[in-house]
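Chemist:
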Amino acid sequence: METKNILIENGTLITPIETGFIKTIKNASLLIENDKIAEISNTNKISKNGVDEVIDANEKIIMPSIINTHTHVSMSLLRGLADDLELNSWLNDYIWPMEAKLDNEITYYGALLSHIEMIKSGTTTFNDMYFFMEDVANATIDSGIRACLSHGMIDFGDEEKRKNEIKKSLELLKYCKGKDRLRGFLGPHSPITVSEELLLESRKIANKYGVGLHIHVNETKKEVDDILNTKNMRSFQYLENIGFLGEDVIAAHCVWLSDEEIDIIKAHDIKVSYNPSSNMKLSSGIAPIHKLLDKKVLISLGTDGSASNNNLDMFEEIKIASLLQKVHTLNPKVLNANESFKLITINGAKALGLDNEIGSIEIGKKADIILIDTFSPNLTPNTNSLISHLIYSGNGSNVDTTICNGEVLMENKQLKVLNEKDIIEKANSINQKLKVTI
Ligand SMILES: [Zn+2]
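Its first residue numbered 44, the sequence shown is counted upward by one per residue in the numbering used here.
1) Using the C-alpha atoms, what's the distance from D127 back to A81?
2) Report the three-state DSSP secondary structure of K456 (helix, strand or coil).
3) According to DSSP, what are the bridge partners of K79?
4) Quick check: the region 107-121 against the region 135-154, are at least 3 beta-carbon pairs closer than 8 Å?
5) Give a yes or no on contact between the region 387-401 and the region 343-356, applying the rule of three or more CB pairs nearer than 8 Å.
6) Give every residue of the same chain whose Cβ lies closer than 7 Å to the Cβ of G39, excluding the five residues on either side of it in the sequence, and list them in chain order.
7) What does DSSP give as the partner residue(s) for E52 in the beta ladder?
8) Suppose you measure from the CA of I413 to the CA of S440; what does that come to, to the nearest Å?
9) Quick check: the Cα distance between N92 and T417, rounded to an integer number of angstroms?
10) Of the residues P319, H333 and A180, which one's Cα is nearest the Cα of S327?
11) Check whether the Cβ of D347 lies closer than 6 Å to any heavy atom of ligand 1, and answer yes or no.
12) Throw me the rounded Cβ distance for the E400 and K409 pair, which I believe falls under 8 Å.
13) Confirm, please, whether the CB-CB distance from G402 to P107 is below 7 Å.
14) Going by the beta-carbon positions, is the gap between N53 and N101 smaller than 7 Å?
15) Applying the criterion that 16 or more other CB atoms from any shown protein chain within 10 Å of the CB defines a buried residue, is A143 buried or exposed?
16) So if DSSP puts R226 in a beta bridge, which residue, or which two residues, is it bridged to?
17) How far does the alpha helix (DSSP H) with K385 in it extend, from its first residue to its last?
18) What did DSSP end up calling C297 once you bin it into helix, strand or coil?
19) To the nearest angstrom, report how far apart G230 and E177 are at their CA atoms.
20) According to DSSP, simplified to helix, strand and coil, what is H158?
21) Is DSSP giving H259 helix, strand or coil here?
22) Out of I305, L367, H158 and T480, which one is the CA nearest neighbour of Q280?
23) Just how far apart, CA to CA, sit K79 and A294?
24) I think G200 touches H232, with their Cβ atoms under 8 Å apart; what is that distance to the nearest whole Å?
25) With DSSP run on the structure shown, which of helix, strand or coil describes N448?
26) Assuming I184 and K222 make a contact with CB atoms under 8 Å, what is their CB distance in whole Å?
27) Note down the Cα distance separating W133 from K324, rounded to an integer number of angstroms.
28) How about T167 and D411: are their beta carbons less than 7 Å apart?
29) Output the distance between the C-alpha atoms of L213 and N421, rounded to the nearest integer angstrom.
30) Measuring straight from C-alpha to C-alpha, what distance separates V260 and H371?
31) Determine the direct distance from the alpha carbon of E283 to that of N170, and round the result to whole angstroms.
32) In the DSSP assignment, find the beta strand (DSSP E) that holds H371 and state where it starts and stops.
33) Pick out the complete alpha helix (DSSP H) segments inside the region 102-138, 4 residues or longer, and give them in chain order.
34) Skipping 5 residues on each side, what residues in its chain have a beta carbon closer than 6 Å to that of M172?
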């Protein structure tokens, strides 16, 4: 895919900065040279010399692209096939039987469908754990976005399975190596679906290759009870005891946490991915994000898969994320708009170890940028509280332009990559094949 020099001018730039604050620049212009941000001006005075394309950002917000730190993109094809169910029945009666029918092609098209949805709603980086991950990698290459990918390893204590899962994970790491927008991660599924041996082997491989570890922890109360019954301790105590934890661990959900576990999370600098819609829809519970924030744990945001959300709109997700904490604590100050803005940008980048490259708009960083059209009824009046508009009033359809790695993937709400019509038609035909009836 070709890259070029792009000048974005006349916009209002909003970005997190290193001090932890958020900076707003009016009349901002910005120069992208190939894949990187080369110049930022607050006086709209960047020379047009050598520029291939000028994008007028008048009445638009220029902000970093959004980062989704926990999802399973190929699950888009299971959307709407299993709703209003308890987690056990959801998994055993519907999701697992449908997943048994997955293959390379299905997974590839499921990923592409999600990639279109993400590009249109402003997300250009996602952290994914699933199966047939080389096909998810291929879809990511084709769509032009960025991903950290892990093969979801499950062994239930079976040695043969363990060896096979490790083999697949190593193959994926090799496949992603050297590919510009891809990072391979390790994905031991959860402390209850994975043996101690597999957790330890994952830790060893992560250390050897310097890759992240993506795991589900304490999503449901049942999971905590199961660990207590088998290990006589809670999940994070168990993970700490066996030496699995480290700052490279990104733990999804973390709904059921004791105060001791919160201390363990802080002590090991674990990155927590908060997934409120999925936790609400499967009635798993409410993650104690307010307590984690008090301890200065790094929180980012994930949608989880589209079978339990049921979409990938991170604007919708961040609004729910904030409101849920407010009603849970009866404190409207919890997870305010500024903090929420960081969850979907710089915190996501830090969680994935990519904050040198993405998560904010700074010279030298990758040009992962979106424009939000503020000339929209739900973002009017045009006050000074644009961050409030983004978090509480915005939605994915306010995204006007999406750029990843210096490449314009959508402009004026028109996709520049992928054939949307073909992919939607293909997804509809696959969806019919996956249905299960009980
Ligand atoms: Zn998940």
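Just so it is clear, CB atoms sit at the ideal spot from N, CA and C, and this is done for glycine as well.
All of these numbers come straight from a predicted model, not from anything done at the bench.
Modeler: Reading it off the structure:
1) Numbered from its first residue, the sequence shown carries residue 81 at position 38. Numbered from its first residue, the sequence shown carries residue 127 at position 84. Roughly 49 Å between the two C-alpha positions.
2) To locate residue 456, count along the sequence shown from 1; it is residue 413. Three-state DSSP puts K456 in coil, outside helix and strand.
3) Numbered from 1 along the sequence shown, position 36 holds the residue referred to as residue 79. Paired residue(s): E76 and K409.
4) yes
5) yes
6) Given a span of 44 to 481 for the chain in the structure shown, any question on residue 39 remains unanswerable.
7) What you label residue 52 is simply residue 9 of the sequence shown in a count that begins at 1. Paired residues: D99.
8) Along the sequence shown, read from residue 1 onward, the residue named residue 413 stands at position 370. Along the sequence shown, read from residue 1 onward, the residue named residue 440 stands at position 397. Rounded to whole angstroms, I413 to S440 spans 12 Å at the Cα level.
9) Along the sequence shown, read from residue 1 onward, the residue named residue 92 stands at position 49. Along the sequence shown, read from residue 1 onward, the residue named residue 417 stands at position 374. Rounded to whole angstroms, N92 to T417 spans 29 Å at the Cα level.
10) Stepping through the sequence shown from its first residue, residue 327 is reached at position 284. For S327, the nearest C-alpha among the options comes from P319.
11) Counting from 1 along the sequence shown, the entry for residue 347 is found at position 304. Yes, Cβ of D347 sits closer than 6 Å to a heavy atom of ligand 1.
12) Residue 400 sits at position 357 when you count from the first residue of the sequence shown. Residue 409 sits at position 366 when you count from the first residue of the sequence shown. Sure, about 5 Å apart at Cβ, within 8 Å.
13) Here the question's residue 107 lines up with position 64 in the sequence shown. Here the question's residue 402 lines up with position 359 in the sequence shown. For P107 and G402, yes; Cβs fall inside 7 Å.
14) The residue given as residue 53 occupies position 10 in the sequence shown. The residue given as residue 101 occupies position 58 in the sequence shown. For N53 and N101, yes; Cβs fall inside 7 Å.
15) The count along the sequence shown starts at 1 and reaches residue 143 at position 100. A143 should be labelled exposed.
16) In the sequence shown, residue 226 corresponds to position 183, counting from 1. Partner(s): C191.
17) On the sequence shown, position 342 is the one that residue 385 refers to. First-last of the alpha helix (DSSP H) with K385: A380 to L386.
18) Counting from one through the sequence shown, the residue named residue 297 turns up at place 254. Reduced to three states, the DSSP call for C297 is coil.
19) What you label residue 230 is simply residue 187 of the sequence shown in a count that begins at 1. What you label residue 177 is simply residue 134 of the sequence shown in a count that begins at 1. Taking the straight line from one Cα to the other gives about 14 Å.
20) Translated into positions along the sequence shown, residue 158 becomes position 115. In the structure shown, H158 sits in a helix (DSSP, three-state: H, G or I).
21) Locating residue 259 in the sequence shown gives position 216, counting from the first residue. It is a strand residue.
22) What you label residue 280 is simply residue 237 of the sequence shown in a count that begins at 1. Answer by Cα proximity: I305.
23) Position 36 of the sequence shown, counted from the start, is the residue given in the question as residue 79. Position 251 of the sequence shown, counted from the start, is the residue given in the question as residue 294. Taking the straight line joining both Cα atoms gives about 30 Å.
24) As a working note, residue 200 is residue 157 in the sequence shown. As a working note, residue 232 is residue 189 in the sequence shown. That pair is no contact at about 13 Å.
25) Counted from its first residue, the sequence shown places residue 448 at position 405. Of the three classes helix, strand and coil, the one that applies to N448 here is coil, per DSSP.
26) Here the question's residue 184 lines up with position 141 in the sequence shown. Here the question's residue 222 lines up with position 179 in the sequence shown. The Cβ separation is near 7 Å, so the contact holds.
27) By one-based count along the sequence shown, residue 133 stands at place 90. By one-based count along the sequence shown, residue 324 stands at place 281. Cα-Cα distance, rounded: 11 Å.
28) Counting from one through the sequence shown, the residue named residue 167 turns up at place 124. Counting from one through the sequence shown, the residue named residue 411 turns up at place 368. Yes.
29) Position 170 of the sequence shown, counted from the start, is the residue given in the question as residue 213. Position 378 of the sequence shown, counted from the start, is the residue given in the question as residue 421. So the alpha carbons of these two residues sit roughly 47 Å apart.
30) Your numbering for residue 260 matches position 217 in the sequence shown. Your numbering for residue 371 matches position 328 in the sequence shown. The alpha-carbon atoms of V260 and H371 are separated by roughly 21 Å.
31) By one-based count along the sequence shown, residue 170 stands at place 127. By one-based count along the sequence shown, residue 283 stands at place 240. Using only the alpha carbons, I get a separation of about 23 Å.
32) As a position in the sequence shown, residue 371 is number 328, starting the count at 1. Note, H371: premise wrong, no beta strand (DSSP E); alpha helix (DSSP H) at M357 to T372.
33) none
34) Position 129 of the sequence shown, counted from the first residue, corresponds to residue 172. Around M172: S193, G195, G230 and H257.
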